[in-house]
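Trainee:
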Amino acid sequence: MNARVPVIAVDGPSGVGKGTLCQWLANRLGFHLLDSGALYRLTALAALRRNLALEDESRVAAVAAGLEVEFRAGTDGSPRIFLEGVEVGADLRSETCGNAASQVAALPAVRAALLQRQRDFRRSPGLIADGRDMGTVVFPDAELKLFLTASAEERARRRHQQLSEQGMNASLKNLASEIAERDARDRQRAVAPLRPAADAETLDTTHSSIAEVCDRALALAARRLGLPKNC
Ligand code: C5P
């Protein structure tokens, strides 16, 4: 039954703007949204709160398997995430948590523990799936696979702007090196490394505004999913 529910898989490195695009597409098409990075971040946060070593694969995988999380829409439609009943906001979005997430995401047992949970987000009328391996591993049969890229400098600049808008302070130089470290780990890991699926459409967004990227993605989605042009 799940097979008939369309999925748009959106993959790419950190800070490329996937989150903004996916939220926009989900609102525009009335589709569900999977923020798969949040699941890895939540696993890392829960493991750190239990004082586990991030390389302790079996314990961290047990945390992933038992994650008690809830995604709710805030009054303005923006997502609110709860871990064990308590809202996690800035903690989850911090670069420290992003880095810890990329460490636990390299552990095969953790990825296996989160696989079905991610697939369960596929519900009618459709799903926008944001991550690193949406098109390659989690939804290999997705109707449309997008792979977003942008230069490392531009991604660091975007992440810096996003954090400052959220009232978080970060040095551009530190951000650039953290993003580079995280990308290298995500690209080089043995399981589900960050790479475009063979049938993905690659969008280089370095010189594009978010509005242009949204328009290009929507046009591709409309064509692939057979939606009306003005959807
Ligand atoms: O997308 P976000 O920055 O929230 O992801 C945090 C980390 O989680 C990434 O750096 C990556 O290591 C990991 N991740 C992953 N597979 C996904 C989504 C995120 O390995 N599908």
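Each residue of the sequence shown is one higher than the last, beginning at 505 in my numbering. All C-beta atoms, glycine included, are put in the ideal place defined by N, C-alpha and C.
Within 10 angstroms of its Cβ, does arginine 627 collect 16 or more other Cβ (buried), or is it exposed?
Mentor: exposed
Trainee: Kindly indicate the opening and closing residues of the alpha helix (DSSP H) around threonine 524.
Mentor: 522 to 533 is the span of the alpha helix (DSSP H), which, as asked, contains threonine 524.
Trainee: So what does DSSP say about glutamate 559, is it helix, strand or coil?
Mentor: In the structure shown, glutamate 559 sits in coil (DSSP, three-state: anything other than H, G, I, E or B).
Trainee: Would valine 514 and arginine 659 be called neighbours here (beta carbons separated by less than 8 Å)?
Mentor: no
Trainee: Could you tell me the alpha carbon to alpha carbon distance between glutamine 692 and leucine 698, rounded to whole angstroms?
Mentor: Using only the alpha carbons, I get a separation of about 8 Å.
Trainee: Any idea if glycine 806 is buried or exposed, counting beta-carbon neighbours within 10 angstroms, 16 or more meaning buried?
Mentor: In the structure as shown, the chain begins at 505 and stops at 735. Residue 806 is therefore absent and cannot be evaluated.
Trainee: Quick check: the Cα distance between phenylalanine 575 and leucine 618, rounded to an integer number of angstroms?
Mentor: 15 Å
Trainee: Between arginine 545 and the ligand C5P, is the CB less than 7 Å from at least one heavy atom?
Mentor: yes
Trainee: Less than 7 Å between C-beta atoms, sequence neighbours within five positions excluded: which residues of the same chain meet that for alanine 550?
Mentor: Val567, Leu571, Leu587
Trainee: Quick one: Cα of glutamine 527 to Cα of leucine 537, how far?
Mentor: 7 Å
Trainee: Using 10 angstroms around the beta-carbon of glycine 534, count the other beta-carbons present and answer buried if the total reaches 16, otherwise exposed.
Mentor: exposed
Trainee: Look at the alpha carbon of alanine 688 and the alpha carbon of serine 518, and state the distance between them as a whole number of angstroms.
Mentor: So the alpha carbons of these two residues sit roughly 11 Å apart.
Trainee: Considering only heavy atoms of the ligand C5P, does any lie closer than 7 Å to the CB of methionine 672?
Mentor: No, since every heavy atom of the ligand C5P falls outside the 7 Å radius drawn around the Cβ of methionine 672.
Trainee: What first and last residue would you give for the beta strand (DSSP E) that runs through valine 642?
Mentor: For valine 642, there is no enclosing beta strand (DSSP E), as DSSP marks it with neither H nor E.
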